[in-house]
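Chain order of the listed sequences is H and B.
Take the first sequence: its position 43, counting from 1, is numbered 583 in the working numbering, and each next residue is one higher.
Take the second sequence: its position 283, counting from 1, is numbered 912 in the working numbering, and each next residue is one higher.
Note that the Cβ used here is the ideal one computed from N, Cα and C, for glycine as well.
A short worksheet on the structure shown next.
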Amino acid sequence: MAIVFEKTKGLTDKETHYCPGCTHGIIHRLVAEVLEELDVLGNAIGVAPVGCSVLAYDYFNVDMHEASHGRAPAVATGIKRAMPNNVVFTYQGDGDLASIGTAEIVHVAHRGEKITTIFVNNAIYGMTGGQMAPTTLIGQKATTCQDGRSKAHSGMPLRVSEMLATIDGAAFVERVSVHNPVEIRKAKKAIKKAFECQIKGEGFSIVEVLSTCPTNWGIAPTESLKWLEANMIPYYPLGNFRTPEEA
Amino acid sequence: MAKVLMKGNEAIGAAAIQAGCKYFFGYPITPQNELPEYMSKELPKNDGVFVQAESEVAAINMVYGAAGCGVRVMTSSSSPGIALKQEGITYIAGAELPCVIVNIVRGGPGLGGIQPAQSDYFQSTRGGGNGDYKLLVLAPANLQEMVDMVQEAFDMADYYRNPVMVVGDGMIGQMMEPIEFRTPVKRELPSKEGWATTGTKGNRKPHIINSLFLDPQGLEDHNIRLQKKYKTMKENEARYEAYNMENAEIVLAAYGTTSRICKNAIDKLKEEGINIGLIRPQTLWPFPEKAFQEIPETVKAALTVEMSEGQMIDDVRLALNGKIPTEFYGRSGGMIPTPDAIIDKIKEMLGGLK
Ligand SMILES: Cc1ncc(C[n+]2csc(CCOP(=O)(O)OP(=O)(O)O)c2C)c(N)n1
Ligand code: SF4
């Protein structure tokens, strides 16, 4: 019988701890497949965040660092400066990147650090049990805004891609989603472009991936995909915000 | 090599480069600015990289990243900046990565002042970071010793896979003294190949730099291993200088530049026929307990002198374990203890002893 599908070599055989229906797993697979297709698995060094993906170091089949909360871009900077010929990436959630780690992400872009960031925006703090994130939508309930987020109290949700796109050193900025197969394919393309941008030395690259958290949203997995499409995409429009000019 | 006259902060940079340091991540703060400035100028000429980070938090996390790749890396700061680095320092200690951290201490608490101080003794030896970890903490008293210690610090860090902190007060950073660059005593350094993240090249299992152990037994095993390492450090690395201990009536305890002032006081008193000794810890952790446990019978009391409100005195008391009365004299943040003030305190103590 012909083999029609094989798991990417970019992932280890370790079973992930993600909740059923969580899209972290899909995003892991896309990143791993891209690294394999670009033939850089042996050359890649990844940085895992603090958040649900803290154990990403056990899942990616490449050298990994585990960073403290929000500091992955600084850790990646140290790695890339020491190992300029390696492919370096961070994988971070929205509490990690858009709250405690805002200084680190802004300045990694500001320096045009040649690393790639995969930013998983699920509009909530997953690991700690569903607290409000800077990305939580207006009206969305979380354990620290039980009547839903209000603008008066917490401000409007932070649009990270739009913000980073104003920074000159951010060479590639794109927002994608993984709520259906079409978007998953587009997401993979963007992730590939982001890594290619790093390999060509064009500057900092980031892909914001809209993702689900069925557990803390309190919505069943398939319904979560629909919720993401109906609620997150209108506020977080998909598309490219910056791409290096073709030579 | 011939002696050269250098400013303390720059001499630290030169010593680090001599020791093979290729990467420096820092953030401006007085009174250590000449060090990152020097590194920004000199590292690129030596195949190295200097990055001015957006904060001390970022700088120490850059150190964590680079150290994980197995390179020789350093950062420096002064007291409030070191406070911010504590998060990264405990991660580096937990993940067992070698690096060198320099603290040119200024007065506190809070923003404190910019003048020399020794009020970060607790911060360095107890750690402001979370968990059961230890740093090797070196405390030079002059620029030659500073240069020697900075060079050796890189070897010590690699030898133990542990962060090493070099603590100097603002005076050490700012003064000029003639120095000579010497090669430190060679240690058998373990290879970093078994853990450094350099890319698997497809022919080995991934290396993981990590301090997370979710399984409680795994975490305890990790801690037991770390404690074993700290015990070895304690047995092998405690260092001190003993000065004028023979027939001493009182022993002073002081480190860094304060010890130099103490020596002045001791020499003056000797002319009056009063014999006072000094134990100068060269390592703050491990603390040279033995030096205090083995003081001669003639010593009737101890006096700890610090540019702080009294921090190292805790370790002196622990080491002496109640054997003799232990007193304290200190000034804080830029108010330097004078030899005369120390002499007055000693005479007051001698009066009480008679
Ligand atoms: C310094 C520090 N503060 C807080 C925490 C607790 N903490 C762990 S995960 C997390 C939030 C992660 O949320 P996010 O980045 O959105 O990722 P997700 O879990 O949703 O994937 C927090 C606050 C921590 N580990 N360290
Ligand atoms: S808590 Fe949410 S983000 Fe975390 S694994 Fe579960 S579903 Fe995914």
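Three-state secondary structure (DSSP) of E800(H)
The question about residue 800(H) has no answer here: the residues shown for chain H are numbered 541 through 787.
Compute every distance between the C-beta of M667(H) and the non-hydrogen atoms of ligand 2, then say whether any falls below 7 Å.
On the first sequence, residue 667(H) is found 127 positions in, with the first residue counted as 1. The answer is yes for M667(H).
Of the residues G736(B), A770(B), R811(B), the one placed nearest V633(B), counting alpha carbons only:
Along the second sequence, read from residue 1 onward, the residue named residue 633(B) stands at position 4. Of G736(B), A770(B), R811(B), the residue nearest in Cα terms is R811(B).
Residues of its chain near A787(H), where Cβ-Cβ distance is below 8 Å and the 5 sequence neighbours each way are ignored
As a position in the first sequence, residue 787(H) is number 247, starting the count at 1. Residue placement at A787(H) cannot be trusted, given a pLDDT of 46 that sits under 50; the coordinates are not used to answer.
If you draw a straight line from the C-alpha of P966(B) to the C-alpha of L932(B), how long is it?
In the second sequence, the residue the question calls residue 966(B) occupies position 337. In the second sequence, the residue the question calls residue 932(B) occupies position 303. P966(B) and L932(B) have their C-alpha atoms spaced approximately 13 Å apart.
Assuming the contact rule is C-beta atoms closer than 8 Å, Y631(H) and A663(H) should be a hit. Round their C-beta distance to whole Å, please.
Indexing the first sequence from 1 puts residue 631(H) at position 91. Indexing the first sequence from 1 puts residue 663(H) at position 123. About 17 Å separates the two Cβ atoms, so there is no contact after all.
Among F600(H), D636(H), G709(H), which residue has its Cα nearest to the Cα of T668(H)?
One-based indexing of the first sequence puts residue 668(H) at position 128. For the residues F600(H), D636(H), G709(H), the minimum Cα distance to T668(H) belongs to D636(H).
Taking the alpha carbon of T563(H) as the reference point, which residue from N720(H), S745(H), K733(H), Y776(H) has its own alpha carbon closest?
Within the first sequence, numbered from 1, the residue matching residue 563(H) stands at position 23. Selection N720(H), S745(H), K733(H), Y776(H) evaluated against T563(H) yields N720(H) as nearest (Cα-Cα).
Answer with yes or no whether the minimum CB distance from S840(B) to chain H is below 8 Å.
Numbered from its first residue, the second sequence carries residue 840(B) at position 211. Judged by the 8 Å Cβ criterion, S840(B) is in contact with chain H.
Do V660(H) and ligand 1 come close, with the Cβ less than 7 Å from some heavy atom?
Residue numbering aside, residue 660(H) sits at position 120 when the first sequence is read from its first letter. Ligand 1 has a heavy atom closer than 7 Å to the beta-carbon of V660(H).
Between I746(H) and F629(H), is the Cβ-Cβ spacing less than 8 Å?
Numbered from 1 along the first sequence, position 206 holds the residue referred to as residue 746(H). Numbered from 1 along the first sequence, position 89 holds the residue referred to as residue 629(H). No, Cβ-Cβ distance for I746(H) and F629(H) is not below 8 Å.
Identity of the residues DSSP links to Q661(B) by a beta bridge:
Numbered from 1 along the second sequence, position 32 holds the residue referred to as residue 661(B). DSSP lists no partner for Q661(B).
Are there any heavy atoms of ligand 2 lying less than 7 Å away from the beta-carbon of C737(H), as far as the coordinates show?
In the first sequence, residue 737(H) corresponds to position 197, counting from 1. Taking 7 Å as the cut-off, one finds no heavy atom of ligand 2 near enough to the beta carbon of C737(H).
Contact residues within the region 613-638 of chain H, judged by C-beta distance below 9 Å to chain B
Cβ contacts with chain B come from P613, A614, V615, A616, T617, G618, I619, K620, R621, A622, M623, P624, N625, N626, V627, V628.
I want to see whether chain B comes within less than 8 Å of E644(H), judged by CB atoms only; does it?
Counting from one through the first sequence, the residue named residue 644(H) turns up at place 104. Yes, contact with chain B.
Would the beta-carbon of C559(H) be found less than 7 Å away from any heavy atom of ligand 2?
Counting from one through the first sequence, the residue named residue 559(H) turns up at place 19. Flag set: Cβ of C559(H) near ligand 2.
So, is I567(H) buried or exposed, given that buried needs 16 or more other C-beta atoms within 10 angstroms?
By one-based count along the first sequence, residue 567(H) stands at place 27. By the 10 Å Cβ count, I567(H) comes out buried.
Can the beta-carbon of A882(B) be found closer than 8 Å to that of V945(B)?
For this step, residue 882(B) is matched to residue 253 along the second sequence. For this step, residue 945(B) is matched to residue 316 along the second sequence. Contact: yes.
Which residues mark the beginning and the end of the alpha helix (DSSP H) in which R946(B) is found?
Position 317 of the second sequence, counted from the first residue, corresponds to residue 946(B). Its alpha helix (DSSP H) spans residues 941-949.
A787(H) (DSSP reduced to helix, strand or coil)
Position 247 of the first sequence, counting from 1, holds the residue named residue 787(H). A caution first: A787(H) carries a pLDDT of 46, below 50, which makes its placement in the model too unreliable to give a value.
Tell me, to the nearest whole angstrom, how far the beta carbon of R699(H) is from that of Y776(H); I am working on the premise that it is less than 8 Å.
Residue mapping note: residue 699(H) aligns to position 159 of the first sequence, counting from 1. Residue mapping note: residue 776(H) aligns to position 236 of the first sequence, counting from 1. So it is a contact: roughly 7 Å between Cβ atoms.
For the putative contact between I640(H) and I619(H), defined by C-beta atoms under 8 Å, what is the C-beta separation to the nearest angstrom?
If you number the first sequence from 1, residue 640(H) lands on position 100. If you number the first sequence from 1, residue 619(H) lands on position 79. The Cβ separation is near 20 Å, so there is no contact.
Can a CB atom of chain H be found closer than 8 Å to the CB of K714(B)?
Here residue 714(B) is taken as the residue at index 85 of the second sequence, counted from 1. It does not: the Cβ of K714(B) has no partner Cβ on chain H nearer than 8 Å.
Do G736(B) and A825(B) have their CB atoms nearer than 8 Å?
In the second sequence, counting from the first residue as 1, residue 736(B) sits at position 107. In the second sequence, counting from the first residue as 1, residue 825(B) sits at position 196. Contact flag unset, no.
What does E878(B) pair with, by DSSP beta-bridge criteria?
Here the question's residue 878(B) lines up with position 249 in the second sequence. Beta-bridge pairing by DSSP links E878(B) to no other residue.
Would you say R569(H) reaches chain B, if we count a Cβ-Cβ gap shorter than 8 Å as a contact?
For this step, residue 569(H) is matched to residue 29 along the first sequence. Not an interface residue.
Would a C-beta distance cut-off of 8 Å place V804(H) and S701(H) closer than the cut-off?
Only positions 541 to 787 of chain H appear in this structure, which leaves residue 804(H) out of reach.
Where in the region 893-980 of chain B do unbroken runs of the alpha helix (DSSP H), each at least 4 residues long, occur, reported from the N-terminal end onward?
Within the region 893-980 of chain B, the alpha helix (DSSP H) runs of at least 4 residues that lie entirely inside it are, in chain order, 918-922, 941-949.
In terms of residue numbering, what span does the alpha helix (DSSP H) encompassing G847(B) cover?
Within the second sequence, residue 847(B) is the residue found at index 218, counting from 1. Its alpha helix (DSSP H) spans residues 845-866.
In three-state DSSP terms, what is H564(H)?
Position 24 of the first sequence, counting from 1, holds the residue named residue 564(H). Helix, per DSSP.
Taking 7 Å as the cut-off, is the C-beta of N771(H) nearer than that to any heavy atom in ligand 2?
Stepping through the first sequence from its first residue, residue 771(H) is reached at position 231. Checking every heavy atom of ligand 2 against the Cβ of N771(H), none is found closer than 7 Å.
With distances taken Cα to Cα, identify the nearest neighbour of D943(B) among M964(B), W914(B), K858(B).
Counting from one through the second sequence, the residue named residue 943(B) turns up at place 314. A check of alpha carbon separations from D943(B) across M964(B), W914(B), K858(B) identifies W914(B) as the nearest.
Out of Q911(B), Y872(B), M775(B), N865(B), which one is the CA nearest neighbour of A894(B)?
Within the second sequence, residue 894(B) is the residue found at index 265, counting from 1. Of the listed residues, the one whose Cα sits closest to A894(B) is Y872(B).
Determine, using beta carbons only, whether A645(B) and V729(B) come nearer to each other than 8 Å.
Working through the second sequence from its first residue, we reach residue 645(B) at position 16. Working through the second sequence from its first residue, we reach residue 729(B) at position 100. Against a cut-off of 8 Å, the Cβ pair of V729(B) and A645(B) comes out as a contact.
Under 7 Å from the C-beta of C698(B): neighbouring residues of chain H
On the second sequence, position 69 is the one that residue 698(B) refers to. Residues of chain H passing the Cβ test: I619, A622, M623.
Buried versus exposed call for V544(H) [16 or more other C-beta atoms within 10 Å across all chains shown]:
Looking up residue 544(H) in the first sequence gives position 4. V544(H) comes out exposed.
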